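These notes concern the structure reproduced below.
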Amino acid sequence: MSRRFNLDDAKGQGEKLAADEGNISFPVDLLAIASKREIIIEAITDAEPGVSAMLLRDGNTFGIFYSTAIPSLGFQRFSIAHELGHYFLDGHVDQIPFDEGMHASKAGTFCRDVFEQEADSFASGLLMPSRLFRRALNGFEDGLAGVKGLAGLCQASLTATAIRYAELTEAASAVVVSTGKTVDFACMSSAMKSFAKLTWLRRGDLLPKGTLTANFNAQRDQFDEAERSDETDLRLWLDGTRSRDVVEEIIGLGRYGKTLTVLTCPDADGDGEDEEEEDSLRESWTPRF
622 MSRRFNLDDA
632 KGQGEKLAAD
642 EGNISFPVDL
652 LAIASKREII
662 IEAITDAEPG
672 VSAMLLRDGN
682 TFGIFYSTAI
692 PSLGFQRFSI
702 AHELGHYFLD
712 GHVDQIPFDE
722 GMHASKAGTF
732 CRDVFEQEAD
742 SFASGLLMPS
752 RLFRRALNGF
762 EDGLAGVKGL
772 AGLCQASLTA
782 TAIRYAELTE
792 AASAVVVSTG
802 KTVDFACMSS
812 AMKSFAKLTW
822 LRRGDLLPKG
832 TLTANFNAQR
842 DQFDEAERSD
852 ETDLRLWLDG
862 TRSRDVVEEI
872 IGLGRYGKTL
882 TVLTCPDADG
892 DGEDEEEEDS
902 LRESWTPRF
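Throughout the sequence shown, residue numbering follows our numbering, covering 622 to 910 in sequence.
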């Protein structure tokens, strides 16, 4: 079935739901939202490997199971919000596959399925509405420490928070998730995009040689959750810009064997040039949380 790909609309619907339900501070109350629709939410310990949550359907009755295999409240809440996205977004419950009344979602993958991507965007908007998130940004420093603090405040996954941070911060910042030698996805703040003639990192690109991230990935243990930071030149990461100091901060994402990188240009002002063709590039780095 042909379907319009609209992540911004899905995110906006998540934000609207949070506002309509009276959430004026973090964390957004997912249990209250579900309870109002008589959606039962339960934790399970025996989900199939890789399954983060499941949406159950019996006629017009729905429930959500979420896995506790990853002991992260933020990760679990994002998984629940993702399933709520399937419930609330138009057309999802009629189009996503249900196997014996159950639709399973897998985290830590990068899926091109429009319904899964929209559910992720809905979850991001629901857990981190832009109005509340921008206000909260003022209470945290730029970079990885701020991302971690915001993730705790919003009770959202670290990766999802990092992406939301890049979307909404006024700092010149970029977020990259990688596995081994390869970029899984990357996104940049508006201030970072304004630098002249930047080359976007795309899914599948090789990590730039000589960067802290590339060296860390080459040596890391799969389950390493260590943090590292260093000062480097932005040109190592993004071709076409003039020499700029950038702080490169990384943290291992545990069992997935992935690395989160946050790049921040301290006190940097953009060059005033708009990033062209942003919409056409979006699909190349759209992440699965």
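Cβ coordinates follow ideal geometry from the N, Cα and C atoms, glycine included.
Being a predicted model, the structure only gives us computed values, none of them experimental.
As a beta-bridge residue in DSSP terms, Tyr687 pairs with Ala664, Ala674.
Shown here, Phe743 sits in a helix according to DSSP, grouped into three states. Rounded to the nearest whole angstrom, the C-alpha separation of Arg849 and Ser810 is 22 Å. Membership of Asp866 in any alpha helix (DSSP H) is not indicated; the residue belongs instead to the beta strand (DSSP E) covering 866–873. Take Glu791, set aside five residues on each side of it, and the residues of its chain with a beta-carbon closer than 7 Å to its own are Ala812, in chain order. Here Gly722 has Leu677, Arg678, Asp679 as same chain residues with Cβ atoms under 7 Å from its own Cβ, once five neighbours each way along the sequence are excluded.
Residues Arg849, Ile871, Thr880 of the same chain have their beta carbon placed closer than 7 Å to that of Phe837, with the five preceding and five following residues left out of the count. Within a 10 Å sphere around the beta-carbon of Leu827 sit fewer than 16 other beta-carbons, which makes this residue exposed. Across the set Gly712, Asn681, His703, the C-alpha of His703 shows the shortest separation from the C-alpha of Lys727. With a 10 Å radius around the Cβ and a threshold of 16 neighbouring Cβ atoms, Ser745 comes out buried. In the DSSP assignment, Phe709 falls within the alpha helix (DSSP H) that extends over 694–709.
Straight through space, the alpha carbons of Phe806 and Ala772 are spaced by roughly 19 Å. With respect to the C-alpha of Gly831, the residue from Thr853, Gly825, Lys814, Trp821 having the closest C-alpha is Thr853. Under the 10 Å beta carbon count, Arg698 is surrounded by 16 or more other beta carbons and is classified as buried. Within the same chain, Cβ atoms closer than 6 Å to the Cβ of Gly635 are found at Phe743, Gly746, Leu747, the five residues on either side in sequence being excluded. Put simply, of Val796, Thr780, Leu779 the residue whose alpha carbon is nearest the alpha carbon of Ala787 is Val796. For Arg755, the uninterrupted alpha helix (DSSP H) segment begins and ends at 751–758.
In the DSSP assignment, Leu881 falls within the unbroken beta strand (DSSP E) covering 879–886.
Between the C-alpha atoms of Val868 and Met749 there is a straight-line separation of about 25 Å. With respect to the C-alpha of Lys769, the residue from Val883, Ala640, Ile645, Asn681 having the closest C-alpha is Val883. Bridge partners of Leu827 according to DSSP: Thr803. Taking the Cα positions, Ala835 is about 29 Å away from Leu758. Only residues of its own chain outside the window of five on either side were considered, and among them Ala664, Thr666 have a CB closer than 6 Å to the CB of Thr689, listed in chain order.
His707 places its beta carbon 7 Å or farther from that of Ala668. Considering only Lys637, Leu874, Thr885, the residue with the shortest C-alpha distance to Ser751 is Lys637.
Straight through space, the alpha carbons of Arg856 and Ser864 are spaced by roughly 6 Å.
In this structure, Arg755 is the residue among Arg755, Phe719, Asp842 with its C-alpha nearest to the C-alpha of Cys775.
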